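Residue numbers (our numbering): 789 to 1218. For each residue, glycine too, the CB sits at the ideal point set by N, CA and C. These figures come from a predicted structure and were not determined experimentally. Following: one structure in structure tokens, then a few remarks.
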Ligand code: ATP
Ligand code: MG
């Protein structure tokens, strides 16, 4: 049934020749049965960690969490983990695993699947079921609550009712899980083909309020005529519509996160004052809490802060260049992808994505013609300004350059030394 690639069978042989048991476990077995590509391989072995390191000392290895030795190859990863109890048996090791579909092992010598809790049956029936007693499994390690939902979302499986009940009963235990582990599971969930399904389960089972309570504030919060969905549903609809790139998925999830906090009545409808920048602020807090890197957080918050692009065909070329400059060339296409998903997720059928396509074309052509200069690409620099206007260094030099940049943004042909110096002489200062 399973034909492991040579780097995996070689690793198995090495361990077995050294006198240990070694079997394939984990995602590779699931993926084989489901006919999916296998990026990661896991081996469970009776060899202790130190012996694994010795046996693979010629390979580029490193210690990951706990006792796992990881071997990285281009495009693949192999994780070798000793049995949790060094004196225990394979069956005891499998018994400690979280879900039946993860508690199988493949013996490559006997070509035999060891499957004490009928994981293969659950795979066929597309069910996520905790091994043995679900309450105990979640109490032992509450991160399994998130793993269960993530597997169900990734594979499109249902969660077995008993497992589901146990999840609801133990949702509060997530407060004990290290935020880094929560973050890693959230990332995997966000990268699933249909993350909204997972977020709904998180919400319905009481887990979401443990990890991103701010998202729950949008539940049932009605908007205005432009929106068919509540704030919460709109966020999930938007996530579904951006490509599976982490910063885009995060930006989509959180782009309106502050809306419930800034909603104010206006006549018989609602308005959302400054919701983009407020959402960017709140996003920084949420991502810091979940221990996301500062770089990623800044990128996501930046996109959110400027996501309200209200394009019309009347925009001048200068306005296009200003938008590119505000977003940054490296972010402009992400911004358009986010805004397109946002508009499509209004659900009213009247989304103006046609005009966004026009905007995309104009942005692409401006980028191709290198028409969105930054201050560093002006044909003159701060020294020129100081010299010509007899000014001392200071922030006012930057203001002068900014002023020139605004002019050049509308009239790119003026971005040459002669014209800029002439401009300075004529009207020296903003
Ligand atoms: P993926 O690689 O997509 O996360 P996986 O099932 O291979 O899926 P790993 O994290 O690589 O997951 O772990 C390999 C195996 O180790 C799992 O299949 C499972 O049997 C076991 N395992 C991992 N984490 C836990 C946990 N928190 N509790 C119980 N068993 C776990
Ligand atoms: Mg794995």
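The DSSP assignment places 1082-1093, 1105-1115, 1120-1132 as complete runs of the alpha helix (DSSP H) inside the segment 1075-1142, in order along the chain (cut-off: 4 residues). Within the segment 1023-1074, the runs of alpha helix (DSSP H) that reach at least 4 residues and sit entirely inside it are, in chain order, 1034-1042, 1047-1050. Taking C-beta atoms as the reference points, residue 1030 and residue 1040 count as a pair closer than 8 angstroms. Annotation note: the segment 974-998 contains the following uninterrupted alpha helix (DSSP H) runs of length 4 or greater, listed N- to C-terminal: 983-992.
In this structure, residue 912 lies away from residue 954, with their beta-carbon atoms at least 8 angstroms apart. In the structure shown, residue 900 adopts extended strand secondary structure according to DSSP, grouped into three states. Between residue 909 and residue 996, the alpha-carbon positions lie close to 30 angstroms from each other. Collapsing the DSSP output to three states places residue 838 in a helix.
Annotation: the continuous alpha helix (DSSP H) that includes residue 923 extends over 922-928. DSSP places residue 864 outside any alpha helix (DSSP H); the residue lies instead in the beta strand (DSSP E), whose first and last residues are 864-870. In terms of CA proximity to residue 1153, 1105 leads the group 835, 1105, 920. The segment 981-999 makes contact with the segment 934-945; the number of CB pairs closer than 8 angstroms reaches 3 or more.
Residue 1063 places its beta carbon less than 8 angstroms from that of residue 1047. In the pairwise beta carbon analysis, the segment 856-867 is classified as not touching the segment 876-887: fewer than three pairs are separated by under 8 angstroms. A buried status is given to residue 973, since no fewer than 16 other beta-carbon atoms sit within 10 Å of its beta-carbon. Rounded to whole angstroms, the gap between the alpha carbons of residue 983 and residue 1037 is 9 angstroms.
With a threshold of 7 angstroms, the Cβ atom of residue 867 counts as near the ligand MG, since some heavy atom of the ligand is closer than that. Leaving aside the five residues that flank residue 1189 on each side, the residues in its chain whose CB is nearer than 7 angstroms to its CB run, in chain order, 1163, 1166, 1170, 1173.
Here residue 940 carries a helix assignment [DSSP, helix/strand/coil]. Pairing residue 1043 with residue 1112 gives a Cβ-Cβ distance that is not under 8 angstroms. One thing to note: residue 813 has its Cβ within 8 angstroms of the Cβ of residue 893. Membership of residue 893 in any alpha helix (DSSP H) is not indicated; the residue belongs instead to the beta strand (DSSP E) covering 893-895.
C-alpha of residue 946 to C-alpha of residue 1123: approximately 34 angstroms in a straight line.
In the three-state reduction of the DSSP assignment, residue 946 falls in the strand class. For the pair residue 1096 and residue 1176, the Cα-to-Cα distance works out to about 40 angstroms.
Contact between the segment 1011-1018 and the segment 955-968 is absent: fewer than three C-beta pairs spanning the two stretches fall below 8 angstroms. Judged by DSSP secondary structure, residue 857 falls within the beta strand (DSSP E) whose first and last residues are 857-861.
In terms of Cβ geometry, residue 866 and residue 820 do not form a close pair [threshold 8 angstroms]. Going by DSSP, residue 830 is part of the beta strand (DSSP E) stretching over 828-833. Nearest in C-alpha terms to residue 922, of all of 941, 846, 959, is 959. For residue 890, the Cβ falls inside the 7 angstroms cut-off from some heavy atom of the ligand ATP. Judged by the Cβ position, residue 931 qualifies as a neighbour of the ligand ATP at the 7 angstroms threshold, a heavy atom of the ligand being closer than this. When secondary structure is reduced to three states using DSSP, residue 811 falls in the strand class. With respect to the C-alpha of residue 900, the residue from 942, 929, 810 having the closest C-alpha is 810.
In the structure shown, residue 915 falls within a strand segment according to DSSP collapsed to helix, strand and coil. Counting along the chain, the unbroken alpha helix (DSSP H) around residue 796 starts and ends at 794-805.
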